[in-house]
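Numbering (full-length UniProt numbering), first residue to last: 1 to 440.
The structure appears right after this line, and notes come after that.
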Amino acid sequence: MKNNPRELAVIALTKVFQNKAYSNIEISNLLKDSDMSDADSRLMTNIVYGVIQNKYVLEYELKPYLQDKKVELWLDLLLMSAVYQLHFLDKIPDHAVLNESTEIAKQKAGRGAGNLVNAVLRNYQRHGYKELPKSNSVYDLSLRNSIPRWLVDLFIDQQGLDKTKEILSSINQPSHVSIRVNTNKTTVKDLQEALDKQGFDVHPSKISSVGLICKSGNLVNTQEFRDGLYTIQDESSMLVAPALDVQPDSKVLDACSAPGGKTTHIASYLKDGEVFALDIHKHKTKLVRENGERMGYGDLISTGAVDARKAKDVLNTKFDRILVDAPCSGLGLIRRKPELRYFRKEEDLNNLQRVQLEILDSMVDLLEVNGKLVFSTCTFDDEENELVVKKFLDKHLNFDLIPVKHDPALDGSMTHGMLKIFPSDYFTDGFFIAAFVRKN
């Protein structure tokens with residue numbers, strides 16, 4: 001069954017939930033080893049993301065028919081994938097779902113497993129989809145949107161009920177692909193026309209002047225990508241490099257740089273300057289260098305495998321600009337990495353805040369007087385954002401918060417000079433940016 005999309009979907013899902021693996025990586029690895037048709041590849045991908053995004057709903061629908069019976073993880077996921085297809089995918093015949101799911105179970109664990117799957121799915125088919133509760137209680141919002149209750153509580157506490165409902169309804173919608181145009185090699189208009197001719201349906205980003213959006217398609221497999229005319233990057237993260245206000249001769253430190261999207265964006269502003277890119281993992285600094293070479297900035301970028309928290313002990317130079325794109329919970333990425341919602345724990349937020357402050361503390365003496373420091377995360381959680389800014393400023397009185405440099409179209413996302421974008425605002429990743437200047 002090497003090329004059975006339903007079986008491969010269960011294999012991918014099992015790896016995700018058993019090993020806390022990223023769904024996009026597991027899907028990619030399985031697709032490389034198969035020779036499925038495009039239609040079957042899409043089906044497999046759809047099932048994987050659909051089950052992750054609707055896990056609580058699918059468990060709720062199956063519960064009456066399993067009657068608290070403990071089943072192995074792969075079997076539970078097989079049943080969830082089948083119910084997902086039966087309810088959410090209207091172009092697949094029910095008999096195909098039932099027959100193949102039963103056969104997968106039989107081949108994996110024998111006739112008994114096959115009989116169990118067949119009985120549960122026929123029972124579900126007989127009784128139909130059970131309507132979900134519709135209240136705005138934390139439990140019901142958690143169930144309907146398949147988001148852990150502690151996260152719903154957090155969102156309501158920080159953003160209020162209406163904004164929380166808006167965020168939750170947004171993050172389970174299919175994501176799109178966004179690319180940042182290398183305007184030193186081409187124009188946004190010319191690249192859009194070139195990709196349109198190849199069948200990609202692309203249109204300009206609403207929040208970045210160098211961004212293009214594509215609903216679907218493999219944008220890594222084009223000559224334009226290989227020639228460094230663009231890189232894959234979320235629209236909201238395209239706002240970070242402009243916030244640094246980089247000058248042509250700036251000496252810039254990118255403290256947490258991999259895989260290098262922001263590094264190459266910084267380099268695009270340089271002529272006589274340089275950007276030094278750090279990452280704690282040596283193999284990731286290789287990605288940054290490769291990205292830099294492909295985009296044509298290899299001579300402007302140098303790398304170092306350094307823990308950003310120890311940068312002050314390793315580096316003996318000062319910088320005009322420093323970017324700390326800090327490790328975070330990644331809650332702003334849930335649309336593209338839906339499994340993150342299940343892997344994060346409440347205590348992670350406090351632990352990550354501590355790491356973020358340690359990194360920022362390590363940057364203080366590396367920045368020139370009147371230099372600018374930008375702090376960014378791909379989360380919209382206050383504990384990892386505004387509270388980090390407050391604690392940093394309370395400790396370092398020689399730093400001032402300054403308004404983030406941004407396009408006027410984003411004025412509505414600015415609060416106290418800081419930029420915060422929610423996943424529901426522009427259908428991008430959730431993101432946060434704050435900027436500081438060193439006074440003395």
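Ideal Cβ positions, reconstructed from N, Cα and C, are used throughout, including at glycine.
Neighbourhood of residue i by C-beta, 7 Å cutoff - its chain only, sequence neighbours within 5 removed
| i | result |
| --- | --- |
| residue 255 | 278, 308, 311, 322, 323, 324, 359, 363 |
| residue 196 | 202 |
Check whether residue i and residue j have beta carbons under 9 Å apart
| i | j | result |
| --- | --- | --- |
| residue 331 | residue 381 | yes |
| residue 243 | residue 435 | yes |
| residue 431 | residue 175 | no |
| residue 269 | residue 257 | no |
| residue 139 | residue 133 | yes |
| residue 207 | residue 407 | yes |
| residue 306 | residue 315 | yes |
| residue 415 | residue 235 | no |
| residue 232 | residue 335 | no |
| residue 83 | residue 144 | no |
| residue 252 | residue 276 | yes |
| residue 178 | residue 151 | no |
| residue 329 | residue 379 | yes |
| residue 375 | residue 353 | no |
| residue 66 | residue 108 | no |
| residue 337 | residue 23 | yes |
Rounded separation between residue i and residue j - CA only
| i | j | result |
| --- | --- | --- |
| residue 126 | residue 119 | 10 Å |
| residue 92 | residue 102 | 16 Å |
| residue 260 | residue 116 | 49 Å |
| residue 438 | residue 239 | 21 Å |
| residue 433 | residue 14 | 35 Å |
| residue 452 | residue 377 | With the chain running from 1 to 440 in the structure shown, residue 452 is simply not present. |
| residue 391 | residue 326 | 15 Å |
| residue 262 | residue 221 | 21 Å |
| residue 1 | residue 34 | Confidence at residue 1 is low in this model, with a pLDDT of 48, below 50, so its placement is unreliable and the value that follows should be read with caution. Cα to Cα, the separation comes out at about 10 Å. |
| residue 417 | residue 318 | 26 Å |
| residue 341 | residue 163 | 18 Å |
| residue 409 | residue 189 | 20 Å |
| residue 64 | residue 129 | 11 Å |
| residue 78 | residue 422 | 33 Å |
| residue 350 | residue 217 | 38 Å |
| residue 136 | residue 168 | 12 Å |
| residue 420 | residue 98 | 46 Å |
| residue 388 | residue 272 | 33 Å |
| residue 274 | residue 289 | 13 Å |
| residue 185 | residue 285 | 24 Å |
| residue 43 | residue 5 | 6 Å |
| residue 111 | residue 61 | 24 Å |
| residue 45 | residue 405 | 38 Å |
| residue 441 | residue 148 | Outside the shown range of the chain, which is 1 to 440, sits residue 441, and nothing can be said about it. |
Beta strand (DSSP E) segment containing residue i, residue limits
| i | result |
| --- | --- |
| residue 402 | 399-402 |
| residue 368 | 367-377 |
| residue 301 | 301-305 |
| residue 323 | 319-325 |
| residue 252 | 251-254 |
First through last residue of the alpha helix (DSSP H) which encompasses residue i
| i | result |
| --- | --- |
| residue 207 | Run containing residue 207: none; DSSP gives neither H nor E here. |
| residue 139 | 138-145 |
| residue 193 | 188-197 |
| residue 274 | Element bounds for residue 274: not the alpha helix (DSSP H) but the beta strand (DSSP E), 274-279. |
| residue 162 | 161-171 |
| residue 34 | Element bounds for residue 34: n/a, residue is neither H nor E. |
| residue 289 | 282-295 |
| residue 265 | 261-267 |
Sequence-distant residues of the same chain with beta carbon closer than 6 Å to residue i, five excluded per side
| i | result |
| --- | --- |
| residue 12 | 26, 27, 30, 48 |
| residue 114 | 102, 105, 106 |
| residue 166 | 424 |
| residue 304 | 278 |
| residue 40 | 5 |
Close Cβ partners of residue i (< 8 Å) along its chain, the five nearest in sequence each way excluded
| i | result |
| --- | --- |
| residue 88 | 50, 54 |
| residue 17 | 73, 77, 339, 342 |
| residue 183 | 210, 268 |
| residue 282 | 305 |
| residue 440 | 369, 398 |
| residue 366 | 253, 311, 312, 315, 317, 318, 319, 322 |
Bridge partner(s) assigned by DSSP for residue i
| i | result |
| --- | --- |
| residue 230 | 181 |
| residue 415 | 418 |
| residue 438 | 399 |
| residue 214 | 177, 202 |
| residue 433 | 376, 419 |
heavy atom of the ligand PLP below 8 Å from residue i C-beta
| i | result |
| --- | --- |
| residue 384 | In the structure shown, the ligand PLP is absent, as is every other ligand, since no ligand is present at all. |
Beta carbon proximity, residue i to chain C, threshold 9 Å
| i | result |
| --- | --- |
| residue 98 | Note that chain C does not occur in the displayed structure, where there is just one protein chain. |
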